[in-house]
Amino acid sequence: MSRFTAALAAEWRKLTSTALWWVLALGMAAYLAFVGAAMAFSLTVAPEGQAPPLGGLDAALTAYGVLNAVGYVFPLVVGTLLVTTEVRHKTLTQTLLAEPRRGVVLGAKLVLAAGIGLLYGLAGVVGLVAAAAPVLSAAGDGAYLGEPQVLRALLLGVLVTGLWAVLGTGFGAVVPHQVAAVVAILAFTQFVEPIGRLALGAVDGLSVVSAYLPGAAADAVVGASLFSQMGDVDLLPAWAGALVLLGYAAALALAGRLTTFARDVV
Amino acid sequence: MDAPALEVAGLGKSFGSVRAVDDLSFRVEPGRVTGFLGPNGSGKTTTLRMLLGLVRPTDGQALVGGRAYADHPVPGALVGAALEATGFHPGRTGAAHLAAYAPQVGADRDRCSEVLDLVGLAPAAERKVGGYSLGMRQRLGLATALLADPPALVLDEPANGLDPEGIVWLRGFLRHLASQGRTVLVSSHVLGEVQHTVDDVVVIARGRLVHASSLAELASMAGTRTYVETPDPERFAALSAEQGWECAARGAGHEVADVPAATVGAAAYAAGLELHQLATRGADLEDVFLRLTGAVA
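Quick note, the sequences are listed as chains A and B, same order. Residue numbers for the first sequence follow the working numbering, so the first one is 1 and each next one is one higher. Residue numbers for the second sequence follow the working numbering, so the first one is 267 and each next one is one higher.
Next up, the structure:
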């Protein structure tokens, strides 16, 4: 076993030997089930005599789009936890005794984050589809689960969830304090970025900038989300959105390597 | 067993304006148990962390078998270490903790059970570490250090939190490891704790080396003392003064420094002085230790 695969195996065992990872995965599935069902319902059910807000494929795409629009907090948090729990419980000493090459340790955490993020994406899709599809087919025009556009959106949503987890690990390496990191993620994802996107989108010339915010970049990959439907914000091409997300992850990981992972561990 | 020596040369570490370790040099040989001694805060843990690549030295170097710890192909299999303030995830079981670190030192699941058995934690293996006592955590740390069956061991205050029975077991165990040719470095802030275990001592105070030798050499620095009890203390005091002995009241009797019991007995006999006890007292190592570690300006 190479040093890297050994480090990866160790990271996997560390993550899966405590309860938090599956609690968060279940939480993600349940949360997306709830939001997905609510969204499907509000899109397809209208008061007597009025037409529903959206119909057909659009309703399905919008409902399934919540995977990316609201689900990304979970992979971000689990990604940061790969670093912050080690700092919080002082297990980083043991981890660096087992593998003193810190780049190998951080690299293994980033790779594991990608894999765990994909798993979270699958968990989210399962929860979302299980709850939204019946509503769409009962109250709307159908679940459209065989539609290539729907499948593509769900698949890309899973991929983006993986990217969010990698970004989360990079963020955890920069902000290793567990509570601070989680608070910062919640504040940024629930407050700073949504408002920033709306504000930037409202100003001519700055809406270009908003396309480079991480949430907007993720929307670009998936091609559908709440925000991109609400305002007519210009999104990047899908491939560029993925590159922007990877860029954030790489920049954060590099910053973490030069700070948290360069410091004396006492 | 081809065990590496540990070598510290001109080692120094500053944390801001605090000089934690200063110009420290010593060598730890295979096949012996070496006690790394110093009061709390004297720089022991910082030194060990530099040796294991966790803290970057400001000056000098700390090497394992002639190379930096991190430069070995499988460092965790070469040196097993249990450091103070190493944490455990409270939600992880003891068995899962070992399993998590096993792949990187080349240990399998069987070896994990084996070391748990060895340190007496097998019954608690499937319990979460959050419910462990300090002594159990100490044992789990030791089990982690032993995972790879490493030729060198670095243990930071391993007796902390162990019950007396555990301490006796640890002594025997460390002696056994050294007898197999392994390098064993054990830190402690109490000399008495390791006195019966170590072959060599390295004593530091305020980050600097104050003494390095075999334990026997350290003991010889303590000198011998002769303990005397007599019903006539005044005449004994007069006799001491006459002989030029350094004599001090101790308990129910007196203690004469650096004079053999035979000499004291003969002088008392010649003076017609009745003695009720005449005994050679062993070297008081703790005194030497305190003198060494307190004497640094």
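Where is the CB? At the ideal position from N, CA and C, for every residue including glycine.
Problem - Reduced DSSP secondary structure (H/G/I, E/B, other) of residue 294 (chain B) - result: strand
Handout entry: Neighbourhood of residue 108 (chain A) by C-beta distance below 7 Å, restricted to the same chain and skipping five residues each side
Key = 4, 7, 8, 11
Practice task
Classify residue 228 (chain A) as helix, strand or coil using the three-state DSSP reduction.
Solution key: Here residue 228 (chain A) scores only 48 on pLDDT, less than 50, and its place in the model is too uncertain to base an answer on.
Handout entry: Backbone secondary structure at residue 109 (chain A) - three-state DSSP
Key = helix
Exercise for the section: Report yes or no: do the region 514-531 of chain B and the region 489-499 of chain B share at least 3 C-beta pairs separated by less than 8 Å? Expected result: A contact exists between the region 514-531 of chain B and the region 489-499 of chain B.
Exercise for the section: Can you grab the Cα-Cα spacing for the pair residue 304 (chain B) / residue 339 (chain B), in whole Å? Expected result: Distance between the alpha carbons of residue 304 (chain B) and residue 339 (chain B) is about 32 Å.
Handout entry: Beta-carbon proximity of residue 59 (chain A) to residue 43 (chain A), cut-off 7 Å
Key = yes
Practice task
Flag residue 89 (chain A) as yes if its beta-carbon sits less than 7 Å from any beta-carbon of chain B, otherwise no.
Solution key: yes
Handout entry: Whole-angstrom distance between residue 196 (chain A) and residue 228 (chain A), CA atom to CA atom
Key = With a pLDDT of only 48 at residue 228 (chain A), under 50, the local geometry of the prediction cannot be trusted, and the value read off the model is given with reservation. Taking the straight line joining both Cα atoms gives about 13 Å.
Practice task
Using 10 angstroms around the beta-carbon of residue 261 (chain A), count the other beta-carbons present and answer buried if the total reaches 16, otherwise exposed.
Solution key: buried
Handout entry: Neighbouring residues, chain B, relative to residue 100 (chain A) (Cβ below 7 Å)
Key = Chain B residues near residue 100 (chain A): 319, 335, 336, 341.
Practice task
Using the Cα positions of residue 536 (chain B) and residue 517 (chain B), report the straight-line distance between them to the nearest angstrom.
Solution key: 25 Å
Exercise for the section: In angstroms with no decimal places, state the Cα-to-Cα distance between residue 226 (chain A) and residue 248 (chain A). Expected result: Summary for residue 226 (chain A): the model assigns pLDDT 49, below 50, so the residue's position carries little reliability; its value from the coordinates is reported in the next sentence. Roughly 22 Å separates the two Cα atoms.
Practice task
Please determine, among B:284, B:270, B:271, the residue with the shortest C-alpha to C-alpha distance to residue 472 (chain B).
Solution key: B:284
Exercise for the section: Report yes or no: is there a C-beta of chain A within less than 7 Å of the C-beta of residue 553 (chain B)? Expected result: It does not: the Cβ of residue 553 (chain B) has no partner Cβ on chain A nearer than 7 Å.
Practice task
Tell me whether residue 268 (chain B) sits in a helix, a strand or coil according to DSSP, three-state version.
Solution key: coil
Handout entry: Helix, strand or coil at residue 493 (chain B) according to DSSP, with G and I counted as helix
Key = strand
Exercise for the section: Closer than 9 Å by beta-carbon distance: list the chain A residues that pair up with residue 354 (chain B), in chain order. Expected result: 89, 90, 91, 94
Handout entry: residue 201 (chain A) to residue 87 (chain A) span [Cα, whole Å]
Key = 38 Å
Exercise for the section: Starting from residue 97 (chain A), find everything on chain B with Cβ-Cβ shorter than 7 Å and list it in chain order. Expected result: 318, 342, 347
Practice task
State the start and end residues of the unbroken beta strand (DSSP E) segment that holds residue 325 (chain B).
Solution key: 325-330
Exercise for the section: Name the two residues that bound the continuous alpha helix (DSSP H) containing residue 302 (chain B). Expected result: Here residue 302 (chain B) belongs to no alpha helix (DSSP H); instead the beta strand (DSSP E) covers 299-303.
Problem - Spatially closest choice to residue 316 (chain B) from B:307, B:300, B:334, by CA coordinates - result: B:334
Practice task
Taking residue 487 (chain B) as the reference, give the member of B:557, B:276, B:363, B:323 with the closest Cα.
Solution key: B:557
Problem - Closer than 7 Å to chain A by CB, residue 390 (chain B) - result: no
Practice task
Verify whether the separation of the beta carbon atoms of residue 348 (chain B) and residue 408 (chain B) is less than 7 Å.
Solution key: yes
Handout entry: Contact set between residue 584 (chain B) and chain A, taken where Cβ atoms lie within less than 7 Å
Key = Past the edges of chain B, shown from 267 to 563, lies residue 584 (chain B), and the structure says nothing about it.
Exercise for the section: Would you check if the distance between the CB atom of residue 120 (chain A) and the CB atom of residue 171 (chain A) is smaller than 7 Å? Expected result: no
Exercise for the section: Could you check if residue 1 (chain A) is buried or exposed, using at least 16 other CB atoms within 10 Å of its CB as the buried criterion? Expected result: exposed
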